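Number of protein chains: 2
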Amino acid sequence: MRDVAILGVGMTKFGELWDRSFRELGIEAGFQALVDAKLSSKDLGALYLGNMASGSLIEQEHIAPLLVDYAGLSGHHLPAIRVEAGGASGAVALHQGYLAVASGAYDFVVVGGAEKLTDVPDVTANRITGATADQEWESVFGATLPGLWALMARRHMYDFGTTREQLAQVPVHMHEMGSRNPNAHYRNKITLEQVLSAGPVAEPLGVFDCAPLSDGAAAVVLGPLDRARKFTDTPVQIRASVVTSDTMALHHRTSFTRLDSTIVAAKRAFAQARRRLTDVNVAEIHDAYSISALLALEDIGFSEKGAAGRELAEGKFALGGTPTVNSSGGLKAQGRPFGAVGVAQAVEIVRQLRGEAKERQVSGAQLGLAHDVGGTGATSVVHLFERAN
Amino acid sequence: MRDVAILGVGMTKFGELWDRSFRELGIEAGFQALVDAKLSSKDLGALYLGNMASGSLIEQEHIAPLLVDYAGLSGHHLPAIRVEAGGASGAVALHQGYLAVASGAYDFVVVGGAEKLTDVPDVTANRITGATADQEWESVFGATLPGLWALMARRHMYDFGTTREQLAQVPVHMHEMGSRNPNAHYRNKITLEQVLSAGPVAEPLGVFDCAPLSDGAAAVVLGPLDRARKFTDTPVQIRASVVTSDTMALHHRTSFTRLDSTIVAAKRAFAQARRRLTDVNVAEIHDAYSISALLALEDIGFSEKGAAGRELAEGKFALGGTPTVNSSGGLKAQGRPFGAVGVAQAVEIVRQLRGEAKERQVSGAQLGLAHDVGGTGATSVVHLFERAN
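Here the protein sequences line up with chains E and U, keeping their order.
Per the numbering used here, residue 1 is the first one in the first sequence, and the count goes up by one each step.
Per the numbering used here, residue 390 is the first one in the second sequence, and the count goes up by one each step.
Next up, the structure:
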C-alpha cells in the first residue's frame with residue numbers, strides 16, 4: 001500500500017445556514033480544499049462524500065455525482081461515491097478515500113462531508129436521528145439518540161461516581177475552544193451554571209449537553225505521500241485509518257460505559273501507525289453528548305476508565321493539554337452537520353499539524369488523532385495524522 | 390495493486406417478499422456467499438453494503454453495522470460500510486470491495502446489496518425514486534424517473550427510427566430469460582402483444598417497459614486471486630472495476646440518446662482489463678426501462694448507435710448470442726431491489742463463468758461484463774469478470 005497524505009483542506013462555516021443549499025455548501029468546501037492543495041480539478045481521480053440522511057432531509061439521494069455536477073466537473077466523469085455510516089459518515093468516507101489512494105487506483109481524491117439539517121422542521125424526529133440506532137428494537141419504542149446516551153451517562157455516574165457537574169464541564173470546555181474558531185456554530189463561552197440550569201433533554205443530559213443540529217461541509221484532498229512535496233511544504237500523512245463496528249442496539253452490549261468499537265479502533269490505529277498514545281498532541285473526539293466525550297477519552301485511552309470527568313474538569317485536555325482535545329470546539333461548539341463532522345475533524349487536525357490554527361494553535365503539534373462515532377457506537381472510526389518532516 | 394477474485398456468491402429470491410425483513414434478506418445472501426466461499430466469518434476483513442434509500446424506505450440508516458450485528462458477527466468489530474449511488478449502489482459497493490482487497494488493506498471482504506421496497510405504500514413517489522434524479526431541477530417539477538427515460542426513448546425513436554415494437558421486445562427478451570431463473574421476481578413469459586397493449590406509465594413506456602419494485606439481496610465474497618485456489622476450483626477474477634459520473638439532470642447533457650457515463654466506463658474497463666468487447670460472452674446490463682437496455686447495448690458497444698432495437702428484436706442477444714444479454718432476466722424479470730441489483734449482476738456472471746447457471750448456461754463462457762446505472766446515468770459502473778484458468 002502507498003503512503004497517503006492530505007494535501008489540502010477546506011470547510012464552510014457551520015451553523016444554521018438558512019440561505020445556503022446543500023450543493024452550495026458541498027462545493028464551497030471542495031473548492032477550498034482544491035485551491036489549498038494547488039490542484040486543478042482535472043487532476044482529480046475520484047470524489048468520496050460522507051452524508052448521513054440526505055434522502056430523509058432533502059429528498060435527494062445520489063448526491064455524490066450531484067456535487068461533481070454542480071461543481072462543473074461532470075465532463076471528467078469522475079467516480080463520485082457516497083458513503084453512509086450514521087454520524088460517522090464523513091470519517092468513513094475518509095477511510096474510503098484513503099484506501100482509494102493507498103491502493104494505487106487513484107492518485108488524487110477529494111473526500112467531502114456535507115449535511116443540510118435545517119431545511120426540515122422535524123430533524124430531531126426519531127425517523128432521522130433515531131435511524132442511526134436500531135429502529136426495530138430501540139427507536140420504534142421511543143428511545144431517542146440522546147435518550148440512549150443518557151442511559152450510558154446514568155450508568156457511568158453509578159459505576160464510577162461521575163458527577164453531573166463533571167458532565168457539564170464538557171460543553172463548557174467545548175465552547176471555550178469554539179470561541180477561538182471562526183467557523184464554529186457557537187462562539188460564545190458558557191458557564192457551568194448555564195449548563196446545569198438548562199432544561200432537560202434526556203436526564204441527566206440537558207440542552208447544553210447535546211451538540212446542535214448544524215448545516216455545513218468540509219473537504220480534504222488526498223494524494224500519494226511521495227508526490228506531496230510538489231503541492232505543499234507541509235504534507236500531513238495519514239498514519240492510520242481504522243473503521244470498526246459493534247451491535248446497533250445498546251442492550252446487546254456487555255457494557256454501557258464503554259464503546260468496544262472505539263477501544264478496538266484506537267488499538268488497531270496505534271498498531272497500524274506504530275505510534276504510542278502519549279505521542280498524540282491534538283485530538284478531535286466525538287462529543288455529540290457530554291457523556292460521549294467522556295467515553296471517548298477513556299476508550300481511546302487518554303484517561304483511565306472512570307477518570308475522564310474528573311480529568312477534563314481539572315483541565316488536562318485544555319489548550320496545550322495532554323493532549324489538547326477538540327480545539328475546534330468539537331461537535332458541541334463547532335457544530336454537528338452529521339456527515340461533515342468526520343471530515344471537519346481531519347481539517348482541524350491538519351491545520352494544527354501545519355501550524356495554521358491561529359489563536360487555538362497547539363505549538364509543535366506533530367501527531368493528531370480523530371475519533372468519530374455513528375449512532376451509539378455501532379460504528380467507530382479512528383484516524384492518526386502526522387506532520388511529515 | 391493485487392489481483393482480486395470472487396470466491397463465493399449468494400442471493401435471495403427477488404420479489405414481493407412481504408414476510409421477510411430487510412435484515413433477514415441481507416443476512417441470507419451474505420451467509421450463502423460465505424458458505425459458497427468456504428470461508429468462516431472470522432476470516433472476514435470488512436463488509437460493504439450497497440443500498441439506495443433505507444432511510445426513506447424503512448427509516449433505518451447505518452445499515453451496514455446493522456447487518457453485521459444481526460448476522461451475529463459484531464464481536465469481530467469488522468468495518469461495515471454502506472455505499473449509495475442511486476440504483477447503482479450495489480455495483481459501486483462492489484467497486485469499494487474491490488479496492489479494499491486490491492489495496493492490501495483487507496484480505497477477505499463481503500460485498501452485499503439489499504433493498505426492501507415493499508414495506509412502504511408510496512415507493513414510486515418522487516421523494517424516493519425521483520430522489521436519484523435532480524430533485525431541484527427535475528423531480529420537483531414532476532419529472533418522474535420513467536418520465537425522464539421516456540424522453541430518451543422518444544428522442545431515440547426520432548433520431549434512429551427505433552420503433553415502439555422494438556422497445557417492446559426488451560421486456561419480452563427479459564421475461565424469456567427470467568423464466569429460466571428460479572430467483573427471478575417474474576418467471577412468466579410475455580408476448581409482444583401483452584407489452585404493447587399494457588397501460589402507459591410514461592409514453593412510449595408502458596407497464597411492461599418498466600422494471601418492477603422488488604425486495605431482495607445479493608452478496609459476493611472477494612479475496613486475493615493468489616489465494617483463491619485454496620477456496621474454490623473456479624475462481625473468477627475481477628479484471629476491471631470502473632465507476633463514472635455525469636450530470637444529474639438530463640437537460641445538462643449534450644445528447645439524450647446516449648449515456649456518456651456508460652461510454653466512458655466501458656472504454657476504461659476494457660483498457661483496464663486489456664480485453665476486447667468481442668471477447669465478452671455474457672453480459673448483465675441495466676434495463677430498468679426498455680430504453681435503458683437499448684442505450685446500454687449501444688453505449689457499451691455491443692450494437693452500433695441506433696441499431697440495438699433492431700438487433701435485439703432479431704435475437705442477437707438471446708441465449709448463446711453475441712453476447713448473451715441478461716441471462717438472469719435483468720432488472721425487468723429477475724427484479725429490481727435497487728441496491729441489490731449491481732451485486733446480483735455479479736452473482737449471475739460468476740454463475741455463468743463457473744458453469745453453474747443450469748438451464749440458462751452459456752457454454753464455455755470465459756469473460757463477463759456487468760453494467761449498472763444510477764438515476765438517468767449520473768452514475769454508471771462497468772465490471773469485467775474472467776474465469777481464472
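Backbone N, C-alpha and C define an ideal beta-carbon position, used for all residues, glycine too.
Keep in mind that this is a model prediction, so the values were computed, not measured.
Asked, Found
"Please report the residue range of the beta strand (DSSP E) in which L369(E) lies.", "L367 to G374"
"Per DSSP, what are the beta-bridge partners of R647(U) in this structure?", "Paired residues: none, contrary to the question."
"Strictly under 8 Å for the Cβ-Cβ distance: is A685(U) near chain E by that measure?", "no"
"Quick one: what does DSSP say L488(U) is sitting in, helix, strand or coil?", "helix"
"Comparing C-alpha positions only, which one of G104(E), M177(E), L44(E) and R2(E) sits nearest to A71(E)?", "L44(E)"
"Tell me whether V669(U) sits in a helix, a strand or coil according to DSSP, three-state version.", "coil"
"Closer than 7 Å by beta-carbon distance: list the chain U residues that pair up with P79(E), in chain order.", "V632, T633 and S634"
"Would you check if the segment 561-580 of chain U and the segment 708-720 of chain U touch, i.e. whether three or more CB-CB distances between them fall below 8 Å?", "yes"
"Please list, in chain order, the chain U residues whose beta carbon lies closer than 9 Å to that of T118(E).", "None at all; the shortest Cβ gap to chain U is about 17 Å."
"Do you know how far the Cα of L151(E) is from the Cα of L436(U)?", "29 Å"
"Please identify, using Cβ separations under 8 Å, the residues of the segment 90-101 of chain E that lie next to chain U, in order along the chain.", "V92, H95, Q96, L99 and A100"
"Does the Cβ of P212(E) have 16 or more other Cβ atoms within 10 Å, making it buried, or fewer, making it exposed?", "buried"
"Could you please give the first and the last residue of the uninterrupted alpha helix (DSSP H) stretch that includes G415(U)?", "F411 to A426"
"Which word fits W149(E), buried or exposed, when buried means at least 16 other C-beta atoms lie within 10 angstroms of its C-beta?", "buried"
"Could you say which of Q169(E), V170(E) and N188(E) lies nearest to G178(E) if we only look at CA atoms?", "N188(E)"
"Report yes if the C-beta distance between A557(U) and V584(U) is below 8 Å; otherwise report no.", "yes"
"Could you list which residues in chain E have their beta carbon closer than 9 Å to that of H640(U), in chain order?", "Chain E residues near H640(U): none, gap ~12 Å exceeds 9 Å."
"List the endpoints of the continuous alpha helix (DSSP H) containing E582(U).", "L581 to S586"
"At the level of alpha carbons, what is the spacing between L534(U) and A477(U)?", "14 Å"
"Closest by CA to I579(U), which one among V596(U), E592(U) and A591(U)?", "V596(U)"
"Hey, could you find the ends of the alpha helix (DSSP H) M11(E) is sitting in?", "Taken as a continuous stretch (DSSP letters only), M11(E) belongs to no alpha helix (DSSP H), being part of the beta strand (DSSP E) at V4 to M11."
"Please go through the same chain and pick out, in chain order, the residues whose beta-carbon is closer than 6 Å to the beta-carbon of A702(U), but skip the five residues on each side of it.", "Q555 and Q558"
"By the 10 Å Cβ neighbour count, where 16 or more other Cβ atoms means buried, how is D649(U) classified, buried or exposed?", "buried"
"Using the three-state DSSP reduction, which class does R628(U) fall into: helix, strand or coil?", "strand"
"Which residues mark the beginning and the end of the beta strand (DSSP E) in which H383(E) is found?", "T379 to R387"
"Per DSSP, G84(E) is paired with what?", "According to the sequence displayed, residue 84(E) carries Glu and not Gly. In the DSSP output, where bridge partners are listed per residue, E84(E) has R471(U)."
"Leaving out the 5 sequence neighbours to the left and right, which residues in its chain are closer than 6 Å to L683(U) when beta-carbon positions are compared?", "A697 and G698"
"Any idea what DSSP makes of G502(U), helix, strand or coil?", "strand"
"With C-beta atoms as the reference, is V762(U) less than 8 Å away from T651(U)?", "yes"
"Just to confirm the assignment, what range does the alpha helix (DSSP H) spanning A783(U) have?", "Examination of residue 783(U) is not possible in this model, given that chain U is present from 390 through 778 alone."
"Please classify A271(E) as buried or exposed, where buried requires at least 16 neighbouring CB atoms within 10 angstroms.", "exposed"
"Could you give the distance in angstroms between the alpha-carbon of R360(E) and the alpha-carbon of V347(E)?", "14 Å"
"Between H772(U) and chain E, is any beta-carbon pair separated by less than 8 Å?", "no"
"Return helix, strand or coil for L406(U), following the three-state DSSP convention.", "coil"
"In three-state DSSP terms, what is A293(E)?", "helix"
"So, is the C-beta of T132(E) closer than 8 Å to a C-beta in chain U?", "yes"
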